[in-house]
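Peer 1: I have a structure I would like to understand better, so I am pasting it below and will then ask my questions one at a time.
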DNA sequence: CACCAGGCAAGTA
DNA sequence: TACTTGCATGGT
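In our numbering, the protein residues as written are 276 to 491.
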């Protein structure tokens, strides 16, 4: 079975099983950016609590967040873990947004996609996965997001090996699937859901909709 | 009690 | 370049 065919089959089966997942959970583009930073190596549930607190404090706004004291932000996002470092990361992004795009997210996303990706990677605390999550889910750009679940599932299906770089895994998808935002959005969401349900550290493949896709 | 969760950067060799 | 370590909460 060809790689392209496997990727398509996996998508079809996961999509039929889970249905439309409507990612990213978040209402505004800033909320999605903040969520992308706060969820780094952290359970999403803990992030939801933190975002709820920021909202209550009316800090989920570029200017308000820019002005807020670090100690205040840190306390509000406490539940998301690594709260001191994540405060610095939120601040680093928001300063970048103000310095380069006058605090205007729409202006930021009107930048050419791969140029913006490079700019985001220069921000302290934004790595490849966070940058791509921002581009895809907040900006609606057709960029595939690679995360720990993506790697785990693809390794188990012998589509990649440990040691593949982020860009190699990303290219595997993007060279074989249409450059379609809707597709990349749903595919990544499906991989995360499948990973949580069926492919954790202790894999329980029973019932997994892609258990039948050949492993090698 | 241990282990994990939708990473990243800084330090070391 | 390739590894190691710190960052920290909340759930199982």
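Backbone N, C-alpha and C define an ideal beta-carbon position, used for all residues, glycine too. The model shown is predicted, which means the values in this text are computed figures rather than measured ones.
Leaving out five residues before and five after residue 279 in sequence, what residues of the same chain have Cβ atoms less than 6 Å from its Cβ?
Peer 2: The count along the first chain starts at 1 and reaches residue 279 at position 4. Correct list, in chain order: 451.
Peer 1: Going by C-alpha to C-alpha distance, which of 395, 458, 332, 437 sits closest to residue 427?
Peer 2: Walking along the first chain from the start, residue 427 turns up at place 152. Residue 427 has its Cα closest to that of 437, out of 395, 458, 332, 437.
Peer 1: Are there three or more Cβ pairs, one per stretch, closer than 8 Å when the stretch 283-298 is compared with the stretch 390-406?
Peer 2: Verdict: no, contact absent.
Peer 1: Starting from the C-beta of residue 266, find all residues in its chain whose C-beta is less than 6 Å away, skip the five residues before and the five after it, and write them out in chain order.
Peer 2: Residue 266 cannot be examined here, being either before or after the span of the chain that is shown, 276 to 491.
Peer 1: Tell me the DSSP secondary structure of residue 352 in three-state form.
Peer 2: Counted from its first residue, the first chain places residue 352 at position 77. Looking at residue 352 - three-state DSSP - the assignment turns out to be coil, as it is neither helix nor strand.
Peer 1: When the Cα atoms are used, what is the spatial distance from residue 380 to residue 391?
Peer 2: In the first chain, the residue the question calls residue 380 occupies position 105. In the first chain, the residue the question calls residue 391 occupies position 116. Rounded to the nearest angstrom, the two C-alpha atoms are 12 Å apart.
Peer 1: Rounded to the nearest angstrom, how far is the Cβ of residue 307 from that of residue 299, given a contact under 8 Å?
Peer 2: Locating residue 307 in the first chain gives position 32, where the first residue counts as 1. Locating residue 299 in the first chain gives position 24, where the first residue counts as 1. Right, the Cβ-Cβ distance comes to about 5 Å (below 8 Å), so this counts as a contact.
Peer 1: Among the residues of its own chain, which have a CB less than 7 Å from the CB of residue 489, if the five just before and after it don't count?
Peer 2: Counting from 1 along the first chain, the entry for residue 489 is found at position 214. Around residue 489: 276.
Peer 1: When the distance is taken between beta carbons, is residue 416 closer than 8 Å to residue 446?
Peer 2: By 1-based counting over the first chain, the position of residue 446 is 171. By 1-based counting over the first chain, the position of residue 416 is 141. Not closer than 8 Å, so no.
Peer 1: State the start and end residues of the unbroken alpha helix (DSSP H) segment that holds residue 298.
Peer 2: Here residue 298 refers to the residue found at position 23 of the first chain. Where residue 298 is concerned, there is no enclosing alpha helix (DSSP H), given that its DSSP letter is neither H nor E.
Peer 1: Would you mind stating whether residue 305 and residue 335 have Cβ atoms separated by less than 8 Å?
Peer 2: By 1-based counting over the first chain, the position of residue 305 is 30. By 1-based counting over the first chain, the position of residue 335 is 60. Contact: yes.
Peer 1: Under 6 Å Cβ to Cβ from residue 414, same chain only, skipping five residues before and after it: list those, please.
Peer 2: Here residue 414 is taken as the residue at index 139 of the first chain, counted from 1. 384, listed in sequence order.
Peer 1: Compare the C-alpha of residue 338 against each of 454, 368, 355 and name the closest.
Peer 2: Taking the first residue of the first chain as 1, we reach residue 338 at position 63. For residue 338, the nearest C-alpha among the options comes from 368.
Peer 1: So the candidates are 422, 378, 455; which of them puts its Cα closest to the Cα of residue 441?
Peer 2: One-based indexing of the first chain puts residue 441 at position 166. That would be 422, whose Cα lies nearest to the Cα of residue 441.
Peer 1: Between which two residues does the alpha helix (DSSP H) harbouring residue 381 extend?
Peer 2: Reading the first chain from its first residue, position 106 is the one you call residue 381. Taken as a continuous stretch (DSSP letters only), the alpha helix (DSSP H) holding residue 381 covers 380-384.
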